[in-house]
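Just below is one structure, and these are the notes that go with it.
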Amino acid sequence: MAKPKSAAKPPKSRTVTYGSGTPDDPWILKTPTLTSDFQAWRDESASPPALVVQVGTTRLSYQLRCLDDLAAMLKASGDWVPLGTSDEGKATADGTVEAWARSPKNPVKGYYGLRKGYRGRFANYVPPVLELLGLVELEHQPRNNRVRHASAGGR
32 MAKPKSAAKP
42 PKSRTVTYGS
52 GTPDDPWILK
62 TPTLTSDFQA
72 WRDESASPPA
82 LVVQVGTTRL
92 SYQLRCLDDL
102 AAMLKASGDW
112 VPLGTSDEGK
122 ATADGTVEAW
132 ARSPKNPVKG
142 YYGLRKGYRG
152 RFANYVPPVL
162 ELLGLVELEH
172 QPRNNRVRHA
182 SAGGR
């Protein structure tokens, strides 16, 4: 499972304030547009293990394997992929991270979100965690942000 590379180094990300990614010390992150704060942490005791996201009073959870699976998809892509953030009941554009996170063709064959009605917005909350972990580059524009695997930038 993806873990931070070193607790001693300050993160390169502009989206993290502090935290170690545990329930007692969650990461405090910003959405890709840098307009909203949220907390995230790993809950490896959940069944299945989960990435938990707290946005105000709303709690979302995604299968923890989404971190490794999304990083692998982005590495295989080798290029920028639009985020395409969308709520669960709304359509997603093809070729986006959000569409991939719901696709029957992804490794879990459907939604990574664990709570019906709260399974969307994957592209808004998971890529900032991957950025913190040093696995991706994430754009931070007011709209239409994209993400790519960190190794794609060195080519």
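Be aware that the sequence shown starts at 32, since it is given in the working numbering, and climbs by one per residue.
Glycine included, C-beta positions come from ideal geometry on N, C-alpha and C.
Values in this document were obtained by computation on a predicted structure and should not be read as measured data.
- With three or more CB-CB distances shorter than 8 Å, the region 46 to 63 counts as touching the region 167 to 176.
- Between the C-alpha atoms of Gly148 and Thr88 there is a straight-line separation of about 15 Å.
- A direct Cα-Cα distance of roughly 12 Å separates Leu98 from His180.
- Taking the Cβ atoms as the reference, Ile59 lies roughly 5 Å from Gly50, within the contact range of under 8 Å.
- Comparing alpha carbon positions, the residue from Pro113, Ala124 and Gly151 closest to Asn176 is Pro113.
- Collapsing the DSSP output to three states places Ser76 in coil.
- Your pair Pro54 and Ala71 does not check out as a contact, with CB atoms roughly 10 Å apart and the cut at 8 Å.
- Between the alpha carbons of Pro138 and Gly144 lies a distance of about 13 Å.
- According to the DSSP assignment, Glu119 belongs to no beta strand (DSSP E), since it is labelled neither H nor E.
- Leaving aside the five residues that flank Ala183 on each side, the residues in its chain whose CB is nearer than 6 Å to its CB run, in chain order, Gly109.
- Taking each of Pro135, Ser92, Leu163 and Ala102 in turn and checking the Cα distance to Phe153, the smallest one comes out for Ser92.
- Remark: C-beta atoms of Leu105 and Val160 do not approach each other more closely than 8 Å.
- Glu129 is the residue among Glu129, Trp111 and Asp125 whose C-alpha sits nearest the C-alpha of Glu119.
- In this structure Glu162 is buried. Its beta-carbon is surrounded by 16 or more other beta-carbon atoms within 10 angstroms.
- Looking at the backbone, the Cα of Ala122 and that of Thr116 are separated by about 10 Å.
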